[in-house]
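*Asks:*
Pasting the structure below:
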């Protein structure tokens, strides 16, 4: 399945497309100008989720506390969390990348342990009380309404009991377990030998990322004008033009009504069009989905350039790309390798 192929294979032609169009635009690396509200690089390097979330209506965000280890004391933060946060809660790096460092915390004891383990800015959020998760990919060409160009439903790693096999035995039949095995939370590891009754659904992984075993179902055909109207009201009129909302909601209808819906996060220019990961798609269908997004990037960028936006050259783009890779290695080293 293409979803498991190496990124260099999946994105070879799309990257070539960006390079060629940057040359045609007289050395303008245009992806960096798509989301100026995030930072000078549009969020390529460790985008601040706090900065991004400040652009959205608060009613669509879970209650969140920010911890900065260089200026906040752990003791004071624990006191504040005890007053404002209800456990279980979720914690993640303030510049979260691909779900690295995201954990579900069951208690204040686990929160204190996390803060003492990782000296890193983090966000602590109340659990969103909705069970369905979506990826909503939006673009806003300056001066126009928001368009949703891809919609996926996320199926987090889980098992369905048959009354005979343990959770661990059921998981071993799932190829996605092999991908996300190293990220299985301790709370799940403790019940791996439990045998669920027939039809019982057990959520193994509470975080919806591909590297943690999530399956993405492309439901782009279910996009409605009402959904686009809602996200037109959520996305600011300027500053954020291209990216994917990760949303938890009560149902698909919530994406149109705006009721019983919360934003998990917004990923900007580097956000993946998750529809291509649907296992029913061939490599070539996946490429068409990805290229639709890269053409949308160019569409937005061309209008921004007309309005006076200044795009750096390809050489600067290469420098930003190197810094982005260094950032990715750092956050992986900090959280996955459990640096002391």
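In my numbering, the protein residues as written are 1358 to 1697. Built from N, CA and C at the ideal position, the CB exists for glycine as well.
Take residue 1667 and list the residues in its own chain whose beta-carbon comes closer than 8 Å to its own, dropping the five residues that flank it on each side.
*Replies:* Once the five neighbours on either side are set aside, the close Cβ partners of residue 1667 are 1390.
*Asks:* Enumerate in chain order the residues of its own chain whose CB-to-CB distance from residue 1544 is below 8 Å, with the five nearest sequence positions on each side excluded.
*Replies:* If we look at residue 1544 and ignore the five residues flanking it on each side, its Cβ neighbours are 1461 and 1463.
*Asks:* Residue 1480 lies in the alpha helix (DSSP H); which residues open and close that run?
*Replies:* Taken as a continuous stretch (DSSP letters only), residue 1480 belongs to no alpha helix (DSSP H), being part of the beta strand (DSSP E) at 1479-1483.
*Asks:* Could you tell me which uninterrupted alpha helix (DSSP H) segments, each at least 4 residues in length, are contained entirely in the stretch 1412-1480, listed from first to last along the chain?
*Replies:* Segments of the alpha helix (DSSP H) lying fully in the stretch 1412-1480: 1431-1441 and 1465-1474.
*Asks:* Can you have a look at residue 1492 and say buried or exposed, based on whether 16 or more other CB atoms are within 10 angstroms of its CB?
*Replies:* The residue in question, residue 1492, is buried, as its Cβ has 16 or more Cβ neighbours within 10 Å.
*Asks:* Check whether the Cβ atoms of residue 1598 and residue 1473 lie closer than 8 Å to each other.
*Replies:* Taking 8 Å as the Cβ cut-off, residue 1598 and residue 1473 do not qualify as a contacting pair.
*Asks:* Straight-line CA distance for residue 1697 to residue 1477?
*Replies:* Model confidence at residue 1697 stands at a pLDDT of 33, short of 50, so the residue's coordinates are unreliable; what they give is reported in the following sentence. So the two alpha carbons sit approximately 12 Å from each other.
*Asks:* From residue 1592 to residue 1485, what does the alpha carbon distance come to, in whole angstroms?
*Replies:* Each residue's Cα considered, the two are about 20 Å apart.
*Asks:* In this structure, what does DSSP give as the bridge partners for residue 1601?
*Replies:* For residue 1601, which the question treats as bridged, DSSP gives the partners 1494 and 1624.
*Asks:* Could you give the DSSP three-state label for residue 1510: helix, strand or coil?
*Replies:* Strand.
*Asks:* Looking only at DSSP bridge pairs, what is residue 1558 linked to?
*Replies:* Answer by DSSP bridge pairing, in chain order: 1517.
*Asks:* May I have the straight-line CA-CA distance separating residue 1450 from residue 1479, to the nearest angstrom?
*Replies:* One C-alpha to the other measures close to 4 Å.
*Asks:* Taking all protein chains shown into account, do 16 or more other C-beta atoms lie within 10 angstroms of the C-beta of residue 1672, making it buried, or fewer, making it exposed?
*Replies:* Under this definition residue 1672 is an exposed residue.
*Asks:* Between the Cα of residue 1400 and those of 1692, 1686, 1425 and 1677, spot the shortest distance and give me the residue it belongs to.
*Replies:* Cα-wise, what sits closest to residue 1400 is 1677.
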